[in-house]
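Okay, so here's the structure we're looking at.
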Amino acid sequence: MAIQAGIYALLALSLNLQWGYTGLLNFGQVGFFALGAYGYALTTTSLGWPPALGVAVATLLGALAAYPLGLASIRLRVGFYLAIVTLGFGEIVRAVLVNEDWLTGGTRGIPIKRWFPALDPQSDKLATLAIILAALVLVLAIFERLGRSPFGRTIEAIRDNEDAARSLGKPVAGFKIEVFMLGAAVAGGAGALYAVSVNYLVPAQFVPLITFYIWMAMILGGSGSHRGVILGTVLLIFFLEGSRFLHDFLPDLPLLSQSRLSALRFMVVGLALILVPMYWPRGLWGRREL
Amino acid sequence: MLIFSQALINGITDGAFLAMIALGATLVFGVARFPNVAHGDFLTLAAYGTLWATGLLHLPLLLAAICGIVLTVIVGLASYALIFRKIADRPITCLIVSIGLALVVRDAILFVAGGDAQAYDLPVWRAWRLGGFVILPLDAYITVLSAAAIFAVHLLLRYTRIGVEMRAVSDDPSLARVGGVSPERVNIATWSVALALAGAAGILVAAKTLVFPDLGWTLLLPALAAAILGGLGSPYGAILAGMLLGLSQNIATIWIGDTYKDSFAFVVLIVALLLRPTGLTGRLEAAR
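Protein sequence lines correspond, in order, to chains A and B. Heads up, the first sequence stops at 291 in this note's numbering, and the numbers go up one at a time, no gaps. Heads up, the second sequence stops at 818 in this note's numbering, and the numbers go up one at a time, no gaps.
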């Protein structure tokens, strides 16, 4: 649970850099996440590369995939193009994962080696968690630093008033593409960590719903604020896990089967995505309105 | 040759579907200024509404289809009145909220109907053979009905007062308001037309394939790609791009396999955006 929270927090931070700081609508977060996870899996299992190199490949893959998408849609003035292109990108990645089974194992999946095979599973999990939390702190520190740098002030200026930023001679599209690639790189790296922590990858882990969870965490916590986004992620995980446990306590009613409960859970996520932006645009701890 | 002609025929049916869906999405974009992600799930709602009307009320299919469309229009207009009208000045919020609405609609259907695919009780027609072509009558009827729906919207946009007003608001909202057009009336009319189109498309798609919870979602993305290719907000661009994408998707399946059909639409979209950011019809809508 803490591992999942750490990975989702990484995804939410990267989305927050793109949306909260720069105003980029990325609805394909899961696509970059999946690319990172499979990039890590293939380089470390099939090619036998060391894990650190695998994480680097995952990060790089995220950024490289973001470049053409950003180039195609960020130069357009209305942010919706990026939203739809990234939404489609996530689905394309999943289609490739399912279909190219010579490479990705298709729906059979790929097993991933553990990082510390010498340790027993419990300590291995704890050590992996420690690395994930270290990665989270590192990304948080980089983003905090970035937020205070001239680069950070420029991207916030672009978000608030693009024309003004452009009239001051800032290459607006270039900045946006850089931010988009940086965020995607973090999502790719998070994918590598995810691959290690679950030990097994199948395409069904990378449904568009993941993207929407991350959006919900960010909006609930408050976009534009790192603390808020992490708080939102923790709340999201509590909700998802809590509602799963709920099933064990409820009497076995035919009206509330497992599938109905999961449908209900997604309806609550959907309702939150409707109500929070409408009535509570700052979220719990946010710095800016949607 | 047989494979090619079959792909051509499938392409025409798919193209008509995509044109209908893209037309609805682009009409809503024209007045509300956001791409409605819940548009696809309104297709699913109509398909299930029709199924329920045949199952529970024992209505004949045609009457049930009308019930399905009416249900979709009612739910969709309620979403407009309760949600989108209140945040009409924040189009990006509308987009995010529409994703939430899509989840709610789809999972409400899943909650009620379960995840299993179901089918309409359609009569079985013997296939027509014309020269080398094999045409299923069902496909032909579906295509004719789709074309009729699109043509009806064309007549509405071109020859009725409300249609002219819809185009006026889509072109320039403030100018339309100065000209005495009531934005509220136009909004309701546009949403109704778009929802009815989505409902009709959902039922026709379900008649050709099956009724299942992801029906609308799988079609939404290629349809939005078509709407962008046609230039967001431009109805005729959406129809043209929808037809072209449907055809090219199916012709491409000869080489790339059926499972990549929907991905193909996106590759076309990304390449097209790189080469020609204003869309097929070249409206300067949003590009710079």
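Each residue gets a CB set at the ideal place from its N, CA and C atoms; glycine is no exception. All of these numbers come straight from a predicted model, not from anything done at the bench.
Cβ of S168 (chain A) within 7 Å of any chain B Cβ: One-based indexing of the first sequence puts residue 168 (chain A) at position 167. So no, S168 (chain A) is outside the interface.
C-beta neighbour in chain A for L631 (chain B), strict 7 Å: By one-based count along the second sequence, residue 631 (chain B) stands at place 101. True, the Cβ-Cβ gap to chain A drops below 7 Å.
The region 23-33 of chain A in contact with the region 220-231 of chain A per 3-pair CB rule at 8 Å: no
At 4 residues or longer, and completely inside the region 613-677 of chain B: list those alpha helix (DSSP H) runs for me, N to C. 621-643
Using a Cβ-Cβ cutoff of 8 Å, what residues of the region 782-799 of chain B are near chain A? List them in chain order. The residues in question are G787, T789, Y790, D792, S793, A795, F796, V797 and L799.
Alpha-carbon spacing of A724 (chain B) relative to R636 (chain B), whole angstroms: Walking along the second sequence from the start, residue 724 (chain B) turns up at place 194. Walking along the second sequence from the start, residue 636 (chain B) turns up at place 106. Looking at the two C-alpha atoms, the distance is approximately 18 Å.
Check whether the Cβ of M279 (chain A) lies closer than 7 Å to any Cβ atom in chain B. Translated into the one-based positions of the first sequence, residue 279 (chain A) becomes position 278. Closer than 7 Å to some Cβ of chain B, the Cβ of M279 (chain A) qualifies, so yes.
Contacts that V312 (chain A) makes with chain B (C-beta to C-beta distance below 9 Å): Summary: the structure shown does not reach residue 312 (chain A), with chain A confined to residues 2 through 291, and so no result is reported for it.
At a CB distance below 8 Å, what residues from the region 75-99 of chain A approach chain B? Give them in sequence order. R76, L77, R78, V79, G80, F81, Y82, A84, I85, V86, L88, G89, F90, E92, I93, A96, V97 and V99
Compare the beta carbon distance of A756 (chain B) and L775 (chain B) with 7 Å and say whether it is the shorter of the two. Taking the first residue of the second sequence as 1, we reach residue 756 (chain B) at position 226. Taking the first residue of the second sequence as 1, we reach residue 775 (chain B) at position 245. The answer is yes: Cβ separation under 7 Å.
Would you give the residue range spanned by the alpha helix (DSSP H) that T219 (chain A) belongs to? Here residue 219 (chain A) refers to the residue found at position 218 when the first sequence is read from its first residue. The residue you asked about is not Thr; residue 219 (chain A) is Met in the sequence shown. Here the alpha helix (DSSP H) through M219 (chain A) covers P209 to G222.
For a contact defined as C-beta to C-beta under 7 Å, what are the partners of L640 (chain B) on chain A? Your numbering for residue 640 (chain B) matches position 110 in the second sequence. What L640 (chain B) touches in chain A: A264.
Rounded to whole angstroms, what is the Cα-Cα separation between P118 (chain A) and V197 (chain A)? Position 117 of the first sequence, counted from the start, is the residue given in the question as residue 118 (chain A). Position 196 of the first sequence, counted from the start, is the residue given in the question as residue 197 (chain A). Cα-Cα distance, rounded: 12 Å.
Would you say I133 (chain A) lies against chain B (beta-carbon separation less than 7 Å)? Taking the first residue of the first sequence as position 1, residue 133 (chain A) is located at position 132. No, no contact with chain B.
Short CB-CB distance (under 7 Å) between T543 (chain B) and chain A: Translated into positions along the second sequence, residue 543 (chain B) becomes position 13. No, T543 (chain B) does not count as interfacial toward chain A.
Please classify V741 (chain B): does DSSP put it in a helix, a strand, or coil? In the second sequence, counting from the first residue as 1, residue 741 (chain B) sits at position 211. Note: V741 (chain B) maps to strand in three-state DSSP.
Are the beta-carbon atoms of I8 (chain A) and L130 (chain A) separated by less than 7 Å? Translated into the one-based positions of the first sequence, residue 8 (chain A) becomes position 7. Translated into the one-based positions of the first sequence, residue 130 (chain A) becomes position 129. The answer is no: Cβ separation not under 7 Å.
K114 (chain A) versus V56 (chain A): straight-line alpha-carbon distance, rounded: Your numbering for residue 114 (chain A) matches position 113 in the first sequence. Your numbering for residue 56 (chain A) matches position 55 in the first sequence. Their backbone Cα atoms lie some 13 Å apart in a straight line.
Using a Cβ-Cβ cut-off of 7 Å, state whether P565 (chain B) counts as contacting chain A. To locate residue 565 (chain B), count along the second sequence from 1; it is residue 35. Using beta-carbon distances, P565 (chain B) counts as an interface residue toward chain A, with a partner under 7 Å.
If I measure Cβ to Cβ from G24 (chain A) and keep anything under 6 Å in the same chain, skipping five residues before and after, which residues do I get? By one-based count along the first sequence, residue 24 (chain A) stands at place 23. Around G24 (chain A): R160.
Could you list which residues in chain B have their beta carbon closer than 7 Å to that of A73 (chain A), in chain order? Numbered from 1 along the first sequence, position 72 holds the residue referred to as residue 73 (chain A). Under the 7 Å cutoff, chain B gives I800, L803 and L804.
Buried or exposed: which applies to L16 (chain A), given that a residue is buried once 16 or more other Cβ atoms fall within 10 Å of its Cβ? Locating residue 16 (chain A) in the first sequence gives position 15, counting from the first residue. Buried.
Under 8 Å by Cβ, that's how I've got S676 (chain B) and L734 (chain B) pegged, so tell me the actual separation to the nearest angstrom. If you number the second sequence from 1, residue 676 (chain B) lands on position 146. If you number the second sequence from 1, residue 734 (chain B) lands on position 204. Under the criterion of beta carbons closer than 8 Å, S676 (chain B) and L734 (chain B) qualify as touching, at roughly 6 Å.
For a contact meaning CB atoms closer than 7 Å, what does L272 (chain A) contact in chain B? One-based indexing of the first sequence puts residue 272 (chain A) at position 271. Those are G630 and V634, listed as they occur along chain B.
Spell out the partners DSSP gives Y201 (chain A) in its beta bridges. Residue numbering aside, residue 201 (chain A) sits at position 200 when the first sequence is read from its first letter. DSSP lists A:P112 as partners of Y201 (chain A).
Just to check my reading of the structure: D750 (chain B) and G732 (chain B) have Cβ atoms closer than 8 Å, yes? What is that Cβ distance to the nearest angstrom? Within the second sequence, residue 750 (chain B) is the residue found at index 220, counting from 1. Within the second sequence, residue 732 (chain B) is the residue found at index 202, counting from 1. At residue 750 (chain B) the sequence reads Leu, which differs from the Asp that was named. Going by Cβ atoms, the distance from L750 (chain B) to G732 (chain B) rounds to 11 Å, so no, they are not a contact pair.
Min CB distance L814 (chain B) to chain A below 7 Å: Sequence index remark: in the second sequence, residue 814 (chain B) carries index 284 (1-based). Bear in mind that a pLDDT of 46 at L814 (chain B), under 50, signals an unreliable position, so the number given afterwards is only what the model happens to contain. Chain A contact via Cβ: absent.
Go to N540 (chain B), then tell me how far its alpha helix (DSSP H) extends in each direction, as first and last residue. Counting from one through the second sequence, the residue named residue 540 (chain B) turns up at place 10. Looking at the DSSP string, the run of the alpha helix (DSSP H) that includes N540 (chain B) is L532 to A562.
Proximity below 7 Å, CB of A96 (chain A) to CB of S764 (chain B): Here residue 96 (chain A) refers to the residue found at position 95 when the first sequence is read from its first residue. Here residue 764 (chain B) refers to the residue found at position 234 when the second sequence is read from its first residue. It is not a contact, given that the beta carbons lie outside the stated cut-off.
Mind checking Y610 (chain B): buried by the 16 CB within 10 Å criterion, or exposed? As a working mapping, residue 610 (chain B) is identified with position 80 in the second sequence. It is buried - the Cβ of Y610 (chain B) has at least 16 other Cβ atoms within 10 Å.
Would you call W103 (chain A) buried or exposed, if buried means 16 or more other Cβ atoms sit within 10 Å of its Cβ? Translated into positions along the first sequence, residue 103 (chain A) becomes position 102. W103 (chain A) comes out exposed.
Using a Cβ cut-off of 7 Å (strictly closer), state whether L754 (chain B) contacts chain A. Sequence index remark: in the second sequence, residue 754 (chain B) carries index 224 (1-based). It does; some Cβ of chain A falls within 7 Å.
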